[in-house]
């Protein structure tokens, strides 16, 4: 059975457009500190192939929100499983910081939607700093060790915020 010529042209054109869209993703991610994280974060959302740069910023910021939400849930779960009052206090403080990070990122998504990119940048910058304040709370309690799983979550959120900041930095702040 022969494949219709019109199908071959359509298939060829769609592959050209997909390659062009991946080109925008690659060029955009080159402006970030973590190219591979940027590309992989965008590739998990099929809408990224049809997005412009503000859309790519929105997608990465949405991934960062999910990361902050996951860290918040992780900490809330740890809080319920401990009876140590000092650890419980630190875990609550940390869960509040990750909740604040998620709220700042949600605010950034609203700013991206309204094209107030300078405010979106400020919100992501704030979200990037919240995990560090959690780490500082642990450092104040010398007898407590910073959990490696939380360290990974902190690093993930900070890097995702760095990627979002790199993309938002490409946008016109006028």
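In our numbering, the protein residues as written are 42 to 215. All C-beta atoms, glycine included, are put in the ideal place defined by N, C-alpha and C. Note that the coordinates shown come from a computational prediction; the quantities given were computed from them, not determined experimentally.
Separation of residue j from residue i, as counted between CA atoms
{"i": "residue 29", "j": "residue 83", "result": "In the structure displayed, the chain extends from 42 to 215; residue 29 sits before or after that span and is not available."}
{"i": "residue 158", "j": "residue 184", "result": "42 angstroms"}
{"i": "residue 170", "j": "residue 146", "result": "12 angstroms"}
{"i": "residue 178", "j": "residue 192", "result": "13 angstroms"}
{"i": "residue 174", "j": "residue 94", "result": "30 angstroms"}
{"i": "residue 105", "j": "residue 143", "result": "8 angstroms"}
{"i": "residue 130", "j": "residue 210", "result": "37 angstroms"}
Residue i classed as buried or exposed, judged by whether at least 16 other C-beta atoms fall within 10 angstroms
{"i": "residue 114", "result": "exposed"}
{"i": "residue 154", "result": "exposed"}
{"i": "residue 189", "result": "exposed"}
Range covered by the alpha helix (DSSP H) that runs through residue i
{"i": "residue 189", "result": "189 to 209"}
{"i": "residue 127", "result": "126 to 154"}
Per-residue DSSP class, three states only, for residue i
{"i": "residue 89", "result": "helix"}
{"i": "residue 54", "result": "Below a pLDDT of 50, predicted positions are generally treated as unreliable, and residue 54, at 34, falls in that range; no measurement from the model is reported."}
{"i": "residue 75", "result": "coil"}
{"i": "residue 174", "result": "helix"}
{"i": "residue 103", "result": "helix"}
{"i": "residue 121", "result": "helix"}
{"i": "residue 111", "result": "helix"}
Nearest candidate by alpha-carbon position, reference residue i, set the options
{"i": "residue 119", "options": "134, 107, 143", "result": "134"}
{"i": "residue 202", "options": "63, 67, 73", "result": "73"}
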